[in-house]
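As given, the protein sequences belong to chains A and B, one line each in that order. Quick note on numbering: the first sequence equals residues 82 to 387 in our numbering. Quick note on numbering: the second sequence equals residues 140 to 585 in our numbering.
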Amino acid sequence: MTARRRLTVLALLAPAVLGFAAFFGYPLVATVVFSFTRYDLINPPEWIGLANYEYMLGDELFARAVGNTLWFVVVLTATRVVFALGVASVIARLKSGVGLVRTLCYLPSLAPPVAATLVFFLVLRPNEGPVDTFLGWLGVQGPLWFADPAWAKPGIAAVVLWVSGDLMIIVLAAILDVPREQYEAAELDGAGPLRRWWHITLPSISPVLLFGVVNSIILALQLFTQAVVAGSAASGSADVTGSTKDLGFPENSTLTFPVWLYAQGFRYFDMGYAAAMATVLFAVSFLATALLVQRMRRATHQEEGA
Amino acid sequence: MRSLPRAAAVSSAVALAASLAACAAGSGGSGQGSGPAAAPARDAEFSLTVWSNYSGREQDEVTKALESFKEKFPNAVIEHQGSQDDDKITAGIRGGNPPDVALSFTTDNIGQFCSSGAFQPLKPYLDRDGVDLGQIPDAVRSYTEYKGNRCAMPMLSDVYGLYYNKELLAAAGITAPPRTTSELLDFAKRTTRRAADGSLEVVGFLPSMPFYANRPQIWAPHFGAEWETADGRSGLATPEWAAMLEFQKRLVDFYGHDALERFRAGLGQEYSADHAFHRQKIAMMVDGEYRTAFLADQAPEVEFGTAPFPVPDDRPDLYGTGFTTGTIMGIPKGAGNPGAAWELIKHLALDTDTVVELANGIKNIPSTKAALADPGLEVDENFRTFVDLATSGKLRGNPVTPIGDAHIKAVGDFATAWQAGQVPDVLAGLREVDRRVDEQIAKSGK
């Protein structure tokens, strides 16, 4: 490559590189640097070495937040991918009313997270909500949902699942993109619908499913709004002004990693500790995604080789 | 393409250098100087931005009070922005774009505001103008300063007491509100109603924590419970805190924890017309004086009374005590016009006519002794309880620490676990909470 051509390439790349450096590189490096400091974002940071990370090891609520977030990672990843794949597979086989069903499944994903969570809170509200009233008619006592530490996370997962139409649309597009000839050839060979779905559809859309898995993991790791709104509404403080909302209600079952990070950085003025938490979150997300992508690629290559 | 990794390395180095430069840039200190900024001349033209978390009717009333500042400075222009909570105020300060005057509802944060320098010290202004802080009740003074550093002034206050539904108490044959926790327990049992299936229809007194005004800091004064030991450490493992929690547990056990949780889960939000007291689903509760205005507005059909909150039978000396908190005003670090900002704060905090008019407008308790005694203060029978509490000299302010409300959350979490029967030994559990609070304060380095 000539020097002139190299300069041209660099000049063309410059906007992207500068943008990346300013809006990703700098915040990332700054976050790591601040994680070794005591910093309230008002006064100069004070270098304290690994103290924030040491405190993390004994922080009971940090462990609780990690547990809650891992729960969401596992449950949301599995349910979102299964939901998107299941609904998309059904829609792809519909003979009529495709547009209506697709719209109905996609529409909730346009709802703002706060509104969606409040709707679920009101619909599932014990004693007075329509679901509880209906269950009452059947002689069944429904759960307390967002007010019960055992049911609050499933309730939030239901909200997130309800607004997962965006992933469903992506999977549907991938299914519709599978060449028809493959299905016709398999059909001629006597393969039934299930075998065709298993041996043609699934392998063909596996890269999109991988995207769905990675996307769901990142979404679960960043779960914040729904947890705060659900906790506030269930504790009767949704309309409280000021910073006195009950984070994590009930019994810290909705205290996700980002919620605890927010509390540390913005409520307790401990941006150093929040930066340490953010660093851990980034490292875990990065490693999990890299490992997943690597394993899936290896599996795909092995399959292609076979 | 060996040049690209090199470019990436250069980018990283630049980013690192920039971040370290940001650290260094932050080391310039407040830059506000130690002396007070000069007050503007009476006819000076200046503008002030004020951020508060008020909205709707209350915001209009506060704006009216702010406009009265023009009687002293006719050419002042004041821009009042409502719905600005502490997060936004803090972000404004951190971003170098704060208002001239910040009004905060969250006195839990006063320790952070003062110790971090987010709010500028007011002592130079107080000394220069010879302000007598004795005109502010002690408890109100306590939640507007931290370790002797006064960085805020009060704008009205909230005082908490007992609310009771007269009809529900009368139906149970009760003619006067409870004065002791034994009476409260008895009256709560007598006013509770259950449906045929055993579920709760009306709860005499809801002790669930945290819910509505059931907050540790609001309950603690009635049991004589203190937050700190004499040497400044967290001091929760005491008989007083244990007595408070055991009283709550007796009530929870009477209702049954699961039945109570089911009842609570169906109740409305704290500031909505659906509030349980408005709907006559609870017979008694602890709440602030502002509830009188909410009831008049949202549930005028409810016949209610107010009284000091009951105290333990063996501590009659505590009767008439209560918790107080309120809106606080400060000059944020980096404020553009601190001299004029102080004049406005002084006006809102200490000018008797302004304080009385604002108190009448938003039904809060005046935060100066002169305003509390002013004949212009509108006081009905129920509001009188809170004015009397405010003048009793027995009020307790917010516990102030450099960790925001982290210590309050720790106690709230513990109370929740205790009420659910998950804690075998209350004092051992409180000692563990003490340890965690002390660790967190140590982590703050303040």
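The beta-carbon is built from N, C-alpha and C at its ideal position, and this holds for glycine as well.
Alpha-carbon spacing of residue i relative to residue j, whole angstroms
{"i": "Thr118/A", "j": "Ile129/A", "result": "5 Å"}
{"i": "Arg145/A", "j": "Phe367/A", "result": "21 Å"}
{"i": "Leu219/A", "j": "Arg318/B", "result": "45 Å"}
{"i": "Ile357/B", "j": "Asp213/A", "result": "33 Å"}
{"i": "Val576/B", "j": "Glu440/B", "result": "44 Å"}
{"i": "Leu45/A", "j": "Ala233/A", "result": "Nothing can be reported for residue 45/A, as the shown portion of chain A is limited to 82 through 387."}
{"i": "Pro230/A", "j": "Trp557/B", "result": "15 Å"}
{"i": "Ala183/B", "j": "Thr202/B", "result": "21 Å"}
{"i": "Gly317/A", "j": "Leu569/B", "result": "26 Å"}
{"i": "Met377/A", "j": "Val154/A", "result": "18 Å"}
{"i": "Ile294/B", "j": "Lys227/B", "result": "Correcting the residue type first, residue 294/B is Met in the shown sequence and not Ile. If you take the alpha carbons of Met294/B and Lys227/B, they lie about 19 Å apart."}
{"i": "Asn214/B", "j": "Ala479/B", "result": "12 Å"}
{"i": "Tyr351/B", "j": "Ser186/B", "result": "39 Å"}
{"i": "Trp279/A", "j": "Asp270/A", "result": "15 Å"}
{"i": "Ile501/B", "j": "Ser207/B", "result": "16 Å"}
{"i": "Pro274/A", "j": "Val163/A", "result": "18 Å"}
{"i": "Ala380/A", "j": "Arg277/A", "result": "20 Å"}
{"i": "Ser245/A", "j": "Leu199/A", "result": "17 Å"}
{"i": "Gly106/A", "j": "Thr112/A", "result": "10 Å"}
{"i": "Gly100/A", "j": "Asp140/A", "result": "36 Å"}
{"i": "Leu373/A", "j": "Met137/A", "result": "26 Å"}
{"i": "Leu283/A", "j": "Ile250/A", "result": "16 Å"}
{"i": "Pro189/A", "j": "Gln251/B", "result": "41 Å"}
{"i": "Ala356/A", "j": "Ser177/A", "result": "52 Å"}
{"i": "Cys162/B", "j": "Gly235/B", "result": "In this prediction, Cys162/B has a pLDDT of 39, which is less than 50 and means its spatial position is unreliable; nothing more can be read from the coordinates."}
{"i": "Ala433/B", "j": "Gln220/B", "result": "Correcting the residue type first, residue 433/B is Phe in the shown sequence and not Ala. Cα to Cα, Phe433/B sits roughly 23 Å from Gln220/B."}
{"i": "Leu586/B", "j": "Gly180/A", "result": "Look at the range of chain B in this structure, 140 to 585, and you will see that residue 586/B is not part of it."}
{"i": "Val361/A", "j": "Ala180/B", "result": "54 Å"}
Residue from the options whose Cα sits closest to the Cα of residue i
{"i": "Gly287/B", "options": "Pro260/B, Ala311/B, Arg267/B", "result": "Pro260/B"}
{"i": "Val279/B", "options": "Glu379/B, Ser506/B, Thr493/B", "result": "Ser506/B"}
{"i": "Ala132/A", "options": "Leu166/A, Gln375/A, Pro96/A, Tyr120/A", "result": "Tyr120/A"}
{"i": "Phe416/B", "options": "Ala398/B, Arg401/B, Glu400/B, Ala435/B", "result": "Ala435/B"}
{"i": "Ala165/A", "options": "Ala254/A, Phe330/A, Leu373/A", "result": "Ala254/A"}
{"i": "Val168/A", "options": "Cys186/A, Leu181/A, Gly180/A, Thr158/A", "result": "Cys186/A"}
{"i": "Ala376/B", "options": "Gly469/B, Ser194/B, Val550/B, Pro471/B", "result": "Val550/B"}
{"i": "Ile249/B", "options": "Asn304/B, Gly221/B, Lys388/B, Thr283/B", "result": "Thr283/B"}
{"i": "Asn521/B", "options": "Gln198/B, Ala176/B, Leu384/B, Asn304/B", "result": "Asn304/B"}
{"i": "Lys598/B", "options": "Thr464/B, Met423/B, Glu517/B, Asp336/B", "result": "Given that chain B is displayed from residue 140 to residue 585, the structure contains no residue 598/B and the question cannot be resolved."}
{"i": "Ala554/B", "options": "Ala498/B, Pro346/B, Gly395/B, Asp266/B", "result": "Pro346/B"}
{"i": "Val240/A", "options": "Met249/A, Leu109/A, Phe201/A", "result": "Phe201/A"}
{"i": "Ile298/A", "options": "Leu342/A, Asn208/A, Leu109/A, Val365/A", "result": "Val365/A"}
{"i": "Ala369/A", "options": "Met358/A, Thr160/A, Asn296/A", "result": "Asn296/A"}
{"i": "Leu301/B", "options": "Pro455/B, Gly427/B, His486/B", "result": "Gly427/B"}
{"i": "Gln263/A", "options": "Val252/A, Ile281/A, Leu248/A", "result": "Ile281/A"}
{"i": "Val342/B", "options": "Glu385/B, Ser281/B, Asp564/B, Leu399/B", "result": "Leu399/B"}
{"i": "Arg348/A", "options": "Gln220/B, Ala545/B, Leu566/B", "result": "Ala545/B"}
{"i": "Glu482/B", "options": "Val270/B, Ser255/B, Asn192/B", "result": "Val270/B"}
{"i": "Gly312/B", "options": "Thr331/B, Tyr299/B, Gly405/B, Val298/B", "result": "Thr331/B"}
Residues sharing a beta bridge with residue i, DSSP
{"i": "Trp128/A", "result": "Thr118/A"}
{"i": "Leu301/B", "result": "Val425/B, Ala446/B"}
{"i": "Trp190/B", "result": "Gln220/B, Ala241/B"}
{"i": "Asn288/B", "result": "Tyr285/B"}
{"i": "Met468/B", "result": "Leu242/B, Met292/B"}
{"i": "Gly461/B", "result": "Leu534/B"}
{"i": "Leu342/A", "result": "Its beta-bridge partners do not exist; DSSP assigns none."}
{"i": "Phe344/B", "result": "Met423/B"}
{"i": "Arg332/B", "result": "Val341/B"}
{"i": "Phe350/B", "result": "Asn353/B"}
{"i": "His367/B", "result": "Note that residue 367/B corresponds to Glu in the displayed sequence, not to His. Paired residues: Ser373/B."}
{"i": "Thr319/B", "result": "Val450/B"}
{"i": "Phe185/B", "result": "Ala215/B"}
Whole-Å CB distance - residue i paired with residue j, under 8 Å assumed
{"i": "Thr320/B", "j": "Pro449/B", "result": "5 Å"}
{"i": "Leu205/A", "j": "Trp226/A", "result": "4 Å"}
{"i": "Arg535/B", "j": "Phe462/B", "result": "6 Å"}
{"i": "Gly353/A", "j": "Thr335/A", "result": "Not confirmed; about 25 Å, so no contact."}
{"i": "Pro339/A", "j": "Phe305/A", "result": "4 Å"}
Q: Could you tell me which uninterrupted beta strand (DSSP E) segments, each at least 3 residues in length, are contained entirely in the segment 232 to 305 of chain A, listed from first to last along the chain?
A: Listed in chain order, there is nothing to give.
Q. What runs of the beta strand (DSSP E), each 3 residues or longer, lie entirely inside the segment 205 to 282 of chain B?
A. With a minimum length of 3 residues, the continuous beta strand (DSSP E) runs that stay inside the segment 205 to 282 of chain B are 215 to 220, 240 to 243.
Q) Of all the alpha helix (DSSP H) runs that stay within the bounds of the segment 186 to 215 of chain A, which reach a length of 4 or more residues? A) If we require 4 residues or more, the alpha helix (DSSP H) runs fully inside the segment 186 to 215 of chain A come out as 194 to 205.
Q. Which full runs of the alpha helix (DSSP H) of 4+ residues lie inside the segment 469 to 544 of chain B, going along the chain?
A. Complete alpha helix (DSSP H) runs here, min 4: 477 to 489, 491 to 501, 508 to 511, 520 to 529.
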